[in-house]
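Step one of this worksheet: look at the structure below.
Structure (structure tokens):
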């Protein structure tokens, strides 16, 4: 060990700085005069879990949709480290390339499983579909992968041919999770993934998500208004109010020592049980 | 063994500002400096409310100091916890900086054994080795074997605390922060924790601790540090 490190001007410079997986710069989305989100900038690293918190109407979902390619921003850039083109502005890609990148490299777990599943085909087909979309035509291999993923999300594989509507809400959500992870994405967006579930079902799903995220080394952007979900899932937080990011930082620091008046209010409003 | 201090706290100040209570400012400490070298266990002294836990949490990056720096020697380089990016703080916590609080944050459905193994698994230790070490430690801390497969949510305070201690001592962290790790333990279990602390110090760990129990304090402290000397003016 070298005593010279003491005099280094930048004490953290010895840590490796991996390239960002995602870089959001000055992102703004307005609807006419109404601001959805304004001037949001951040970087996400491979394997990092970012929570976006704030009350209803704070712009969380608008921001998530703008980042995930669903809602072209009014200003600013969303760059993703694509496997084909490297770090690229996703809205600069043509439509087929962007859709292909989304299918291959991203997942999106909706709050309502009906928005993320095809309700007219079986649970198993829902899970297998992303593989088919990516060009897999080997039925046996897809079925094996589907069974493996149904097991990973703790679903009874004998029900592989049942339609989603015959599963409970919590099970539907687990089908949606499997459908969004089976193709090995590098970045997964989650919009209130436990929002509509009973607490016991919610705990089980969170647990499962936490385990999968750790085992697969996934990068995740998760929108939630639930501070307990944020604490359990996220490495760091963005706190949003009226379309602006008012505070960012390490999750436990933001929740245990919030700096902004709004974050203080948000954290102190959580009921203890 | 290196003689560089593992923790260097310089000119640290912390004031809480409560924006929703007329922006009331609660000053805790200021101009606080402290260095801890390998093999040292610095015990924070001072009465309740003087800011011992606030200092500890500021060093861990859980609280954001108002001023000053907290540098921790991590991979041979000093990382300023107050300035580092979240992923850097998490990396320092994962590999260098352990923290034993009075309370266990229970995660639903995760068994005691899994919880204790987790810090090793996160550092790439095999599941078999992690389990063997977790079992050794839980046995040493005399947690009944029948409890190992259960989530600790329903355990008594003392049992939860022992799970917490096992989780923190399963890795040989170079730097450890101990916030009353023996608060709800009986004499025999306190003695076991004292042994764990002494072994860690023998390996060259640097520690900062808060102990209200005088026997424990006398057994592990290499020096006392009075937090009240740095009391900030209100």
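Chains as they are written, first to last, in our numbering: chain A, -4 to 268; chain B, 37 to 270.
Quick reminder that beta carbons are idealized off the backbone N, C-alpha and C, glycines included.
Taking 8 Å as the CB-CB limit, is residue i close to chain A?
i, result
"residue 146 of chain B", "yes"
"residue 126 of chain B", "yes"
"residue 62 of chain B", "no"
"residue 97 of chain B", "yes"
"residue 142 of chain B", "no"
"residue 221 of chain B", "no"
"residue 225 of chain B", "no"
"residue 186 of chain B", "no"
"residue 159 of chain B", "no"
"residue 242 of chain B", "no"
"residue 248 of chain B", "no"
Grab me the residues of residue i's own chain with a C-beta within less than 8 Å of its C-beta, minus the 5 sequence neighbours each way, in chain order.
i, result
"residue 179 of chain B", "148, 195, 198, 199 and 202"
"residue 10 of chain A", "At residue 10 of chain A the pLDDT is 46, less than 50, meaning the model places this residue with poor confidence and gives no usable figure here."
"residue 263 of chain B", "65, 68, 80, 81, 82, 86, 87, 88 and 91"
"residue 241 of chain A", "234, 235, 255, 257 and 258"
"residue 247 of chain A", "226"
Could you tell me which of the options sits nearest to residue i, measuring between CA atoms?
i, options, result
"residue 108 of chain A", "A/122, A/101 and A/100", "A/122"
"residue 56 of chain A", "A/170, A/171, A/105 and A/118", "A/105"
"residue 249 of chain B", "B/238, B/241 and B/225", "B/225"
"residue 173 of chain B", "B/228, B/126 and B/190", "B/228"
"residue 69 of chain A", "A/115, A/261, A/31 and A/233", "A/31"
"residue 15 of chain A", "A/48, A/81, A/203 and A/150", "A/81"
"residue 266 of chain B", "B/55, B/45 and B/64", "B/64"
"residue 77 of chain B", "B/264, B/268 and B/260", "B/260"
"residue 170 of chain A", "A/145, A/91 and A/183", "A/145"
"residue 167 of chain B", "B/152, B/240, B/158 and B/177", "B/152"
"residue 141 of chain A", "A/178, A/23, A/263 and A/34", "A/178"
"residue 160 of chain A", "A/128, A/138 and A/111", "A/111"
"residue 99 of chain B", "B/84, B/110 and B/118", "B/118"
"residue 292 of chain A", "A/113, A/94, A/143 and A/251", "Given that chain A is displayed from residue -4 to residue 268, the structure contains no residue 292 of chain A and the question cannot be resolved."
"residue 182 of chain A", "A/118, A/120, A/192 and A/214", "A/214"
"residue 138 of chain B", "B/212, B/193 and B/258", "B/193"
"residue 260 of chain A", "A/26, A/44, A/49 and A/19", "A/49"
"residue 196 of chain A", "A/152, A/187 and A/165", "A/165"
"residue 216 of chain B", "B/93, B/54 and B/126", "B/93"
"residue 33 of chain B", "B/251, B/145 and B/231", "Nothing about residue 33 of chain B can be read from this structure; chain B reaches only from 37 to 270."
"residue 79 of chain A", "A/63, A/100, A/73 and A/90", "A/100"
"residue 219 of chain A", "A/162, A/51 and A/126", "A/51"
Identify, in the order they occur along the chain, each residue of the same chain with its Cβ nearer than 6 Å to the Cβ of residue i, setting aside the five sequence neighbours on each side.
i, result
"residue 6 of chain A", "Its pLDDT being 37, under 50, residue 6 of chain A is placed unreliably by the model, and nothing is read from it."
Return the first residue and the last residue of the alpha helix (DSSP H) that residue i is part of.
i, result
"residue 130 of chain A", "Where residue 130 of chain A is concerned, there is no enclosing alpha helix (DSSP H), given that its DSSP letter is neither H nor E."
"residue 97 of chain B", "Careful: residue 97 of chain B lies outside any alpha helix (DSSP H) and carries neither H nor E."
"residue 97 of chain A", "90 to 100"
"residue 104 of chain B", "Note, residue 104 of chain B: premise wrong, no alpha helix (DSSP H); beta strand (DSSP E) at 103 to 110."
"residue 55 of chain A", "55 to 62"
"residue 194 of chain B", "193 to 205"
"residue 60 of chain B", "That residue, residue 60 of chain B, is in no alpha helix (DSSP H); its beta strand (DSSP E) goes 60 to 72."
"residue 233 of chain B", "223 to 238"
Less than 8 Å between CB atoms is the rule here; does residue i satisfy it with respect to chain B?
i, result
"residue 10 of chain A", "Note that residue 10 of chain A scores 46 on pLDDT, short of 50, meaning its location in the model is unreliable and no value can be drawn from it."
"residue 76 of chain A", "no"
"residue 252 of chain A", "yes"
"residue 53 of chain A", "no"
"residue 188 of chain A", "no"
"residue 4 of chain A", "Low local confidence applies: a pLDDT of 36 at residue 4 of chain A is under 50, so the model's placement there is unreliable, and no value is given."
"residue 263 of chain A", "yes"
"residue 198 of chain A", "yes"
"residue 41 of chain A", "no"
"residue 259 of chain A", "yes"
"residue 256 of chain A", "yes"
Taking the beta strand (DSSP E) that residue i falls in, what are its first and last residues?
i, result
"residue 334 of chain A", "Since the first residue of chain A shown is -4 and the last is 268, residue 334 of chain A is not available in this structure."
"residue 245 of chain B", "242 to 246"
"residue 49 of chain B", "43 to 54"
"residue 69 of chain A", "Neither: residue 69 of chain A is in no beta strand (DSSP E) and is coded neither H nor E."
"residue 262 of chain B", "259 to 262"
"residue 237 of chain A", "Element bounds for residue 237 of chain A: n/a, residue is neither H nor E."
With distances taken between CB atoms, is the gap from residue i to residue j smaller than 8 Å?
i, j, result
"residue 245 of chain A", "residue 122 of chain B", "yes"
"residue 95 of chain B", "residue 86 of chain B", "no"
"residue 38 of chain A", "residue 58 of chain A", "no"
"residue 53 of chain A", "residue 235 of chain A", "yes"
"residue 200 of chain A", "residue 47 of chain A", "no"
"residue 75 of chain B", "residue 237 of chain B", "yes"
"residue 212 of chain A", "residue 42 of chain A", "yes"
"residue 87 of chain A", "residue 21 of chain A", "no"
"residue 94 of chain A", "residue 85 of chain A", "no"
"residue 84 of chain B", "residue 134 of chain B", "no"
"residue 104 of chain B", "residue 49 of chain B", "yes"
"residue 44 of chain B", "residue 114 of chain B", "yes"
"residue 187 of chain B", "residue 253 of chain B", "no"
Can you find the residues in the same chain that come closer than 7 Å, C-beta to C-beta, to residue i, ignoring five residues on each side of it along the sequence?
i, result
"residue 24 of chain A", "31, 32, 57, 61, 66, 68 and 69"
"residue 148 of chain A", "169, 172, 173 and 203"
Taking 8 Å as the CB-CB cut-off, is residue i touching chain D?
i, result
"residue 248 of chain A", "The structure shown contains no chain D; the protein chains it does contain are A and B."
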